[in-house]
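For reference, the structure discussed in these notes is given below.
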Amino acid sequence: MMSHPADKNSRAANPIVLALRRCRALFFGVGVFSGLINLLALTGSFYMLQVYDRVLPSHSVPTLIGLTILMAGLYIANGLLDLFRVRIMSRVGVRIDNEVREKVFQALHLLPLKVRPTADGLQPIRDLDQIRGFFSGMGPTALFDLPWVPIYLGVVFLLHPLLGFFAFAGALLLICLTLLTERRTTAPMQSASRSGAQRLAFGEETRRNAEVIRALGLERRMQQRWESLNSRHLSDQLSASDAAAGMGTVSKVLRLFLQSGILGLGAYLVIEGQVSAGTIIAASIIMSRALAPIETATAHWRGFVGARQSYRRLIDLFQSLGIRHSGAMVSLPKPAITLSVQSLAVAPPGEPRPVIQGVSFMLAAGDGLGVVGPSGSGKSTLARALVGIWQPMGQHLRMGGSIRLDGATLDQWEPDELGRHIGYLPQDVALFAGTIAENIARFDAEATSEAVVAAAKSAGVHDMIVQLPDGYQTIVGEGGAGLSAGQRQRLALARALYGDPFLVVLDEPNSNLDATGEAALTDAIQSVRARGGIAIVIAHRPAALAAVDKVLAMANGQLQAFGPKSEVLRQVLQAAPPAHPASPASPPNLQQAGRPPWAMSGLKIVVDSDAGGDK
Ligand SMILES: Nc1ncnc2c1ncn2[C@@H]1O[C@H](COP(=O)(O)OP(=O)(O)O)[C@@H](O)[C@H]1O
Ligand SMILES: [Mg+2]
């Protein structure tokens, strides 16, 4: 458990806790209904007592008829109340689902951004299903009946203390069995749900990598891994259900014995002349009423344990992701002036150590920045941080520095709103299943055709799109299936440009482009700058640097140089000659740690153009 006393307040704002609290009135109503139901449940035994002790000795048919009508009415009332109670509980489940669903979805996509990706990122959805399922079953009403167990036992005591002790001992035994059941089922159930998740994740991975599996001949080996995951899951499940079933049988046998045992004990007391014959039957019925909730609870214990685990997991999940039930954030004006980065340090989700560190620079509207550096130097990490995917380290203490748009750190923006001011082309282009138009328009239902076409044109992809048989309505498969890598990259560029965002970050946008694509890219960067936006291009081939005026060089996760393009590139190239491994005279704004590896890796750069754009 990760809850600390200081988290009390945040716990109150935890969406799932809050949702359950909101249902308090309904729970109270169910409690009242349960009380009435349990009182009415005594109908049978009192009817029987009256019949045995009054009707039979007096031979009075009218009394019998009157009692019978009363009994029928009470049973009907009991049935109706019970029906309402179950229906209310099912609705509690749906209501909790309604209130928390959105947050669960939010958690689903936040999770991989904040923690190291786990075996199964879909667990939160199943957790919510588990909770809702529990409420729609018989389990929760049994819990509401549990408080009535002692009251019924008290009634048996009133009939005769010996009968009371007998019933009490029986109830105690059943409760012990229930607790034992919980102890024996919890661990295997947790293990089963974990292995089930791993199994699904593996299946999903197989599906995604189908091509590689076929080409590299991995089928057999994948099959073996699948088998071992599968058999682990099955054996986990078997041991969970074995434990539950064993306990269930023991408690069933115990109840049968108690049922007959109390009749035997009653008969003995009748022989001794201590109670009437009717009392035996009444005691037997009341005791079975007392034990019924215990047995139902035992039968539904698995669901209860499962729902409780899910509940705890969701609480922890929301807490660790900082998802709270809070009011709307103040919406900030569209950024238009600066992007400033100060001593930025970023670590990938779940990693303790930063991948980039001490990066500071500042850009103003109209600037174009090229980011260069060898593979693994942290360029993509910087890009992810700039668009708000990964946060600076130790965010609350600002230890990992800050990224600000017009002075406001990125976390001051509501994520969806920030997204409208940002264009991002990831290194691994990911498109969504949908039409090309939808993908470009970021699935904005109110997107205008003009905006979509404008974005496509600035990405130089309009002509390619209209040549497709269905044009803008062409269906793109999941992940962009059905398009070539270059087409995907250009569509993603159009998506990044859609809506004229202030900050456009392109991570190796030309890795799959041909000459026309690169020319379009250069034009796109220029038009972002011309309309007063900021364009940041992570360059893997020098052609992408044509339209930028500033360059930032990364090496080993640190900023190595930042400044006007010609100056930085000259420094970098000067540092390059093999004859001078370490350049002693570094200008003040260049923190050079020896020759940058990429400087000699075939990167040929035209140094003369400063303003950018002119090719
Ligand atoms: N999700 C991740 N988890 C752990 N380490 C990562 C992750 N992404 C990147 N890294 C590490 O961060 C370093 C920088 O990666 P990256 O920013 O992708 O470099 P570049 O884009 O310059 O090639 C690499 O050493 C890489 O191993
Ligand atoms: Mg990269």
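In my numbering, the protein residues as written are 16 to 630.
Cβ coordinates follow ideal geometry from the N, Cα and C atoms, glycine included.
Query                                                                                                           : Result
Alpha-carbon to alpha-carbon, proline 363 and aspartate 142                                                     : 26 Å
C-alpha gap between proline 484 and alanine 474, whole angstroms                                                : 20 Å
Sub-8 Å separation of asparagine 29 and arginine 339 beta-carbons                                               : yes
Valine 8 Cβ short of 7 Å to ligand 1 heavy atom set                                                             : No statement about residue 8 is possible, as the shown extent of the chain runs from 16 to 630 and does not include it.
Among Asp515, Glu582, Val444 and Gly578, nearest to asparagine 527 - alpha-carbon criterion                     : Val444
Endpoints, the beta strand (DSSP E) within which phenylalanine 577 is located                                   : 573–579
Which listed residue (Ser390, Asp426, Gly422 and Gly261) has its alpha carbon closest to that of tryptophan 405 : Asp426
Candidates Thr489, Met479, Gly497 and Leu332: closest to glycine 136 by CA position                             : Leu332
Nearest candidate by alpha-carbon position, reference alanine 314, set Thr193, Asn224, Ala255 and Arg106        : Thr193
Under 8 Å between C-beta atoms of alanine 559 and asparagine 525                                                : yes
Cross-strand partners of leucine 521 (DSSP beta bridge)                                                         : Leu440 and Val552
Rounded separation between arginine 328 and tryptophan 316 - CA only                                            : 18 Å
CA-to-CA distance, alanine 460 to aspartate 382, given in whole angstroms                                       : 32 Å
Contact check, alanine 570 vs valine 583, beta carbons under 8 Å                                                : no
Ordered list of alpha helix (DSSP H) runs contained in the stretch 209–248, each at least 4 residues            : 225–230
Isoleucine 146 and isoleucine 330 closer than 8 Å at C-beta                                                     : no
Every unbroken alpha helix (DSSP H) within the stretch 374–411, with a cutoff of 4 residues, ordered by chain   : 394–401
Contacting residues, own chain, Cβ-Cβ under 7 Å from leucine 177 (five flanking each side not counted)          : Leu280 and Leu284
Length of the line joining the Cα atoms of leucine 605 and valine 566                                           : At leucine 605 the pLDDT is 37, less than 50, meaning the model places this residue with poor confidence; the figure from the coordinates comes in the next sentence. Roughly 12 Å separates the two Cα atoms.
Which of helix, strand or coil DSSP assigns to methionine 302                                                   : helix
Aspartate 515 at chain B interface by Cβ criterion, 8 Å                                                         : The structure shown has no chain B; it contains just one protein chain.
C-beta atoms of valine 402 and valine 520 nearer than 8 Å                                                       : yes
Alpha-carbon spacing of glycine 337 relative to lysine 118, whole angstroms                                     : 11 Å
Closer than 6 Å: residues whose CB approaches a heavy atom of ligand 1                                          : Pro363, Glu366, Val370, Gly388, Ser390, Gly391, Ser392, Gly393, Lys394, Ser395 and Thr396
Check whether leucine 273 and methionine 302 have beta carbons under 8 Å apart                                  : yes
Residues bridged to isoleucine 371 (per DSSP)                                                                   : Val361
Nearest-angstrom Cα separation, counted from serine 581 out to serine 624                                       : Only weak support is given to the placement of serine 624: the predicted model assigns it a pLDDT of 41, under 50, and the question is left unresolved by the model.
Proximity test, glutamine 442 beta-carbon vs ligand 4 heavy atom, cut-off 7 Å                                   : Absence of ligand 4 is noted for the structure shown, with ligand 1 and ligand 2 being the only ligands found.
8 Å Cβ shell around proline 603 - same chain, five flanking residues per side excluded                          : Confidence in proline 603 is poor, its pLDDT being 37 and thus under 50, which makes the residue's placement unreliable; the coordinate value appears in the next sentence. The answer is none, since no qualifying residue turns up.
Classification of leucine 98 by the beta-carbon crowding that lies within 10 angstroms, buried from 16 upward   : exposed
Cα-Cα separation, alanine 27 to arginine 36                                                                     : 9 Å
For leucine 352, three-class secondary structure by DSSP                                                        : The residue asked about is misnamed: residue 352 is isoleucine in this sequence, not leucine. Reduced to three states, the DSSP call for isoleucine 352 is coil.
Cβ-Cβ distance between proline 407 and leucine 359 below 8 Å                                                    : yes
Pair within 8 Å by beta-carbon distance, phenylalanine 150 and valine 45                                        : no
Heavy atom of ligand 2 within 7 Å of aspartate 522 beta-carbon                                                  : yes
Selection from Met262, Ala379 and Asp478 that minimises the alpha carbon distance to aspartate 421              : Ala379
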